[in-house]
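Chemist:
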Amino acid sequence: MNLRDLAGRIDRLQKSFRFKLIATILVVLAASISYSIWLAASVGEGTATQVVGAEESIDGADAPSAEDISGGPALTADALRARIRSSSAWIAVGVATLALTVVSTIVIWLGLALTYVGLILVAIFAAGPLYFFKPTQAFGQMLFGAIALTASFSVLVQALRAALSGDRPIIAIARNVLDEALRMKIGLIFIVALIFLLAALPELLDEAQPLRYRVQSFLQYSVTATFWVLALLTLFFSVATVAFEQRDRLIWQTMVKPVSPLSYLLGKWLGVMTLNLALLSVSATGVFLFVEYLRNQPAQGEIKPFLMVDGRAGITQDRQILESQVLTARAGASVDSAEINMDRLNDAVEERIREATQRDFTLREDATRLANLRDEIQEELLTQAIRQYMAVPPSLNTPRDYQFSGLGSARDLERPLTVRYKVNAGSNDPGVLYRLVFVTPTGLVKQQTPLGIMQTFQIPPFAIDENGNVGIRVYNGDPEFGVTNPLTISFPPDGLEILYTASTYEANFFRISATLWMKLGFIAAVGVSSATFLSFPVACLLTLLVLFAAESSVYLEASLEEYPIKDTQGNIQWLALIMTIIATPVSAAFQTYGELRPTANLVDGRLVAWSTLAKGFLTLAAWSAAALGIGWSIFRKRELAIYSGH
Numbered sequence: 018m019n020l021r022d023l024a025g026r027i028d029r030l031q032k033s034f035r036f037k038l039i040a041t042i043l044v045v046l047a048a049s050i051s052y053s054i055w056l057a058a059s060v061g062e063g064t065a066t067q068v069v070g071a072e073e074s075i076d077g078a079d080a081p082s083a084e085d086i087s088g089g090p091a092l093t094a095d096a097l098r099a100r101i102r103s104s105s106a107w108i109a110v111g112v113a114t115l116a117l118t119v120v121s122t123i124v125i126w127l128g129l130a131l132t133y134v135g136l137i138l139v140a141i142f143a144a145g146p147l148y149f150f151k152p153t154q155a156f157g158q159m160l161f162g163a164i165a166l167t168a169s170f171s172v173l174v175q176a177l178r179a180a181l182s183g184d185r186p187i188i189a190i191a192r193n194v195l196d197e198a199l200r201m202k203i204g205l206i207f208i209v210a211l212i213f214l215l216a217a218l219p220e221l222l223d224e225a226q227p228l229r230y231r232v233q234s235f236l237q238y239s240v241t242a243t244f245w246v247l248a249l250l251t252l253f254f255s256v257a258t259v260a261f262e263q264r265d266r267l268i269w270q271t272m273v274k275p276v277s278p279l280s281y282l283l284g285k286w287l288g289v290m291t292l293n294l295a296l297l298s299v300s301a302t303g304v305f306l307f308v309e310y311l312r313n314q315p316a317q318g319e320i321k322p323f324l325m326v327d328g329r330a331g332i333t334q335d336r337q338i339l340e341s342q343v344l345t346a347r348a349g350a351s352v353d354s355a356e357i358n359m360d361r362l363n364d365a366v367e368e369r370i371r372e373a374t375q376r377d378f379t380l381r382e383d384a385t386r387l388a389n390l391r392d393e394i395q396e397e398l399l400t401q402a403i404r405q406y407m408a409v410p411p412s413l414n415t416p417r418d419y420q421f422s423g424l425g426s427a428r429d430l431e432r433p434l435t436v437r438y439k440v441n442a443g444s445n446d447p448g449v450l451y452r453l454v455f456v457t458p459t460g461l462v463k464q465q466t467p468l469g470i471m472q473t474f475q476i477p478p479f480a481i482d483e484n485g486n487v488g489i490r491v492y493n494g495d496p497e498f499g500v501t502n503p504l505t506i507s508f509p510p511d512g513l514e515i516l517y518t519a520s521t522y523e524a525n526f527f528r529i530s531a532t533l534w535m536k537l538g539f540i541a542a543v544g545v546s547s548a549t550f551l552s553f554p555v556a557c558l559l560t561l562l563v564l565f566a567a568e569s570s571v572y573l574e575a576s577l578e579e580y581p582i583k584d585t586q587g588n589i590q591w592l593a594l595i596m597t598i599i600a601t602p603v604s605a606a607f608q609t610y611g612e613l614r615p616t617a618n619l620v621d622g623r624l625v626a627w628s629t630l631a632k633g634f635l636t637l638a639a640w641s642a643a644a645l646g647i648g649w650s651i652f653r654k655r656e657l658a659i660y661s662g663h
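Numbering-wise (the working numbering), the sequence shown opens with residue 18 and increments by one.
Structure representation (structure tokens):
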């Protein structure tokens with residue numbers, strides 16, 4: 018038997034129904050047994066872990082002990098992990114096991130099981146020596162990661178292609194788009210770049226940094242890189258798949274069949290979105306699993322997670338911040354609105370109106386001007402009252418009390434609350450530290466605070482009263498030593514809030530991944546639509562302009578607030594006026610897009626609620642439909658038979 022006959026017999030064997038059924042049963046059994054053995058071993062290890070009470074100070078802060086966290090008897094390291102985490106390690110291992118089982122099952126039913134076994138053996142022999150040889154260990158690890166991501170992507174693409182096996186025009190066109198993405202060099206370049214980028218990122222982390230910084234850095238770089246690589250791939254490929262078919266007259270072969278212009282555009286968009294689904298699924302799974310790997314590495318002051326350097330169970334400051342402020346999903350409760358005495362406010366408004374009418378007698382005769390002036394004065398006085406409420410004078414006799422409500426659901430979670438604040442004073446001299454004292458229901462918190470920089474401290478959940486409220490008093494100084502700061506401090510509108518755990522990190526990660534996919538869907542719709550009536554380079558420029566306008570909408574909105582049209586003398590700055598006229602509609606148009614902020618929310622441990630996700634989905638779906646509608650209205654009137662592409 019020659020090599021060709023052997024390969025043929027192996028191929029027939031892996032494609033037979035009996036082989037697929039038996040192999041699937043063996044894979045599921047192996048996964049179940051392996052996970053059960055790991056779970057039993059983990060429980061046994063946790064039971065044998067040594068426990069203690071108090072712990073030593075880490076990094077200048079008192080590390081909570083097992084007894085402090087539990088409020089009762091000392092706990093094991095695994096019990097501490099289960100108490101403070103939104104999930105335990107079994108979820109990460111479960112996700113990895115499930116992902117491996119699903120991928121293996123897909124490979125089996127695609128008739129490629131033995132082929133992939135051979136490829137795995139080749140990968141092991143190719144990358145294994147590099148991994149076990151210390152000078153090339155990093156390169157071997159990167160090669161293993163690239164091979165795993167490439168194999169997963171290939172399997173997922175084949176599965177999605179099989180799912181698009183219908184004969185309807187939209188489905189058939191979408192399947193052809195997937196095939197085109199693998200053939201075109203432009204798609205291949207971005208796919209390879211993304212895979213090697215994700216595989217190489219772990220090697221850029223500095224092991225000397227605290228664990229929380231390493232996790233945040235990896236999340237920031239990996240999610241940002243994934244989105245921008247996929248966004249640029251989506252941009253160029255969605256334009257190319259339509260523009261090049263018109264340029265090369267390949268579209269004639271499609272449009273002479275019973276395919277409507279709308280079906281053609283929807284098929285192109287669906288194909289790009291299917292490609293993005295495959296790439297984003299593989300990338301997100303890789304990012305999630307590596308974050309869980311980092312999460313289970315020792316933090317500063319630990320030899321194992323939740324196990325101190327002296328072998329006793331406890332939580333270091335590094336570990337506590339990681340679990341309660343990074344790998345979580347926190348919602349925020351802002352300060353309750355200031356109580357405004359409307360009678361006094363109305364009296365002040367009328368006093369200002371009388372002064373204005375005395376200066377200008379014509380106001381009394383113009384009811385419209387008088388009403389507008391009254392509204393302006395009332396809004397100005399309300400703004401002044403709110404600013405005064407959020408300011409604390411430099412006097413120990415006049416502290417400011419703030420109330421936070423709506424925290425009843427956080428009281429039962431038994432996880433610490435995070436007070437997040439930023440103070441401004443004068444010109445926010447970066448070399449000055451202000452001494453502040455926060456009086457909470459559980460005691461005093463003294464802070465040395467830089468100006469204009471967000472700071473945090475934690476308070477226990479039992480600081481919330483029975484009505485779900487927390488009261489905090491702020492001193493602009495230190496009453497214990499009778500020291501005050503030189504200037505009045507003020508909290509900006511978003512500069513004082515209490516953050517509490519509202520969901521799990523895992524669910525939040527899924528919602529953020531869905532948000533990224535929705536954003537890519539809008540970019541794909543713009544690219545497909547613009548390519549119906551523009552050449553490839555012009556359509557790329559237009560789509561790129563929309564992408565950058567949407568991504569910079571939050572920055573534009575913040576910049577407009579700090580960019581006044583009039584100078585201090587009341588003169589109009591014409592350049593500022595022109596820029597404001599241009600930037601304001603752009604910022605307003607993409608406000609919902611900018612508010613999603615998936616990467617920033619993930620890195621900061623902020624919640625992306627289902628309601629936010631639904632609002633973003635409906636908005637982006639409407640925008641995508643509008644973009645495709647514009648493209649359809651133009652495309653259906655095109656004379657494709659005489660179009661030359663120039």
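All residues carry an ideal CB built from backbone N, CA and C; glycine is no exception.
If we ignore side chains and look at the alpha-carbon of each, how far apart do residue 315 and residue 615 end up?
Modeler: If I take the Cα positions, the gap works out to 27 Å.
Chemist: Considering only DSSP beta bridges, list what residue 618 is partnered with.
Modeler: According to DSSP, residue 618 bridges with nothing at all.
Chemist: Cα separation between residue 282 and residue 260?
Modeler: If you take the alpha carbons of residue 282 and residue 260, they lie about 12 Å apart.
Chemist: What separation, rounded to the nearest whole angstrom, lies between the Cα atoms of residue 232 and residue 312?
Modeler: Residue 232 and residue 312: Cα-Cα distance of roughly 7 Å.
Chemist: Given residue 557, which residues of its chain have a CB within under 7 Å of its CB, disregarding the five upstream and five downstream residues?
Modeler: The residues are 252, 253, 256.
Chemist: Using the rule of at least 16 other Cβ atoms within 10 Å of the residue's Cβ for burial, across every protein chain shown, is residue 419 buried or exposed?
Modeler: Buried, by the Cβ-count rule.
Chemist: Confirm, please, whether the CB-CB distance from residue 263 to residue 128 is below 7 Å.
Modeler: Result no, Cβ atoms of residue 128 and residue 263 do not sit closer than 7 Å.
Chemist: Considering only the alpha carbon of each residue, which of 365, 279, 533, 185 lies closest to residue 643?
Modeler: The residue with the shortest Cα to Cα distance from residue 643 is 279.
Chemist: Does the Cβ-Cβ distance between residue 347 and residue 624 come in under 7 Å?
Modeler: Yes; because the gap between Cβ atoms is below 7 Å, this pair is in contact.
Chemist: In the DSSP output, which residue or residues are listed as bridge partners for residue 506?
Modeler: BP columns for residue 506 point to 409.
Chemist: Along the alpha helix (DSSP H) that carries residue 298, what are the first and last residues, could you check?
Modeler: That run of the alpha helix (DSSP H) goes 278–312.
Chemist: Can you give me the Cβ contacts of residue 353 inside the same chain, cut-off strictly under 7 Å, excluding the 5 residues immediately before and after it?
Modeler: Closer than 7 Å at the Cβ level, and outside the excluded window around residue 353, lie 420, 421, 422.
Chemist: Specify whether the region 632–640 and the region 447–467 touch according to this definition: at least 3 beta carbon pairs, one from each stretch, less than 8 Å apart.
Modeler: Not touching, per the Cβ criterion.
Chemist: Between which two residues does the alpha helix (DSSP H) containing residue 274 stretch?
Modeler: Residue 274 -> no alpha helix (DSSP H), and no H or E assigned at all.
Chemist: In chain order, what residues of the same chain have a beta carbon less than 6 Å from the beta carbon of residue 48, not counting five sequence neighbours either side?
Modeler: These residues qualify, in order along the chain: 114, 118.
Chemist: Shortest alpha-carbon distance to residue 526 belongs to which of 21, 265, 345, 258?
Modeler: Selected option, being the one with the closest Cα: 345.
Chemist: Contact defined as beta carbons within less than 8 Å: I believe residue 537 pairs with residue 191. What is the distance between those atoms, to the nearest angstrom?
Modeler: Wrong, their Cβ atoms sit about 15 Å apart, outside the cutoff.
Chemist: Kindly indicate which three-state DSSP category residue 325 falls into: helix, strand or coil?
Modeler: If DSSP states are grouped into helix, strand and coil, residue 325 belongs with the strands.
Chemist: Which stretch, first to last residue, makes up the alpha helix (DSSP H) that contains residue 186?
Modeler: Taken as a continuous stretch (DSSP letters only), the alpha helix (DSSP H) holding residue 186 covers 186–200.
Chemist: Which two residues bound the contiguous beta strand (DSSP E) that contains residue 514?
Modeler: 513–520 is the span of the beta strand (DSSP E), which, as asked, contains residue 514.
Chemist: Residue 523: which of 437, 370, 308, 58 sits nearest, CA to CA?
Modeler: It is 308 whose Cα lies nearest to the Cα of residue 523.
Chemist: From residue 159 to residue 286, what distance separates their C-alpha atoms?
Modeler: Their Cα atoms are separated by approximately 33 Å.
Chemist: I need the boundaries of the alpha helix (DSSP H) containing residue 647, first residue and last residue.
Modeler: Start and end: 627–652.
Chemist: Among all the DSSP beta bridges, which residues are the ones paired with residue 461?
Modeler: Answer by DSSP bridge pairing, in chain order: 456.
Chemist: Hey, could you find the ends of the beta strand (DSSP E) residue 472 is sitting in?
Modeler: Per DSSP, residue 472 belongs to the beta strand (DSSP E) from 472–476.
Chemist: Between the alpha carbons of residue 343 and residue 489, how many angstroms are there, rounded?
Modeler: Whole-angstrom Cα-Cα distance: 24 Å.
Chemist: Let's see if you can read the secondary structure: which residues bound the beta strand (DSSP E) around residue 259?
Modeler: No beta strand (DSSP E) holds residue 259; the alpha helix (DSSP H) holding it covers 228–264.
Chemist: Going by the beta-carbon positions, is the gap between residue 611 and residue 570 smaller than 7 Å?
Modeler: Cβ atoms of residue 611 and residue 570: closer than 7 Å.
Chemist: Taking 7 Å as the cut-off, decide whether the C-beta atoms of residue 215 and residue 300 are in contact.
Modeler: Yes, they are a contact pair.
Chemist: Do you know offhand how far residue 219's Cα is from residue 235's?
Modeler: Residue 219 and residue 235: Cα-Cα distance of roughly 7 Å.
Chemist: Can you give me the Cβ contacts of residue 478 inside the same chain, cut-off strictly under 7 Å, excluding the 5 residues immediately before and after it?
Modeler: Hits under 7 Å: 427, 428, 430, 431, 432, 433, 434.
Chemist: Use the C-beta contact count for residue 407: other C-beta atoms within 10 angstroms, 16 or more gives buried, fewer gives exposed.
Modeler: So residue 407 counts as buried.
Chemist: For residue 129, name the three-state secondary structure that DSSP assigns.
Modeler: Of the three classes helix, strand and coil, the one that applies to residue 129 here is coil, per DSSP.
Chemist: Grab me the residues of residue 495's own chain with a C-beta within less than 6 Å of its C-beta, minus the 5 sequence neighbours each way, in chain order.
Modeler: Here the set comprises 452, 454.
Chemist: Can you tell me whether residue 310 is buried or exposed, with buried defined as 16 or more other CB within 10 angstroms of its CB?
Modeler: Looking at its Cβ environment, which holds fewer than 16 other Cβ atoms inside 10 Å, residue 310 is exposed.
Chemist: From 337, 357, 35, 487, pick the residue whose C-alpha is nearest to that of residue 458; which is it?
Modeler: Out of 337, 357, 35, 487, 487 has the C-alpha closest to the C-alpha of residue 458.
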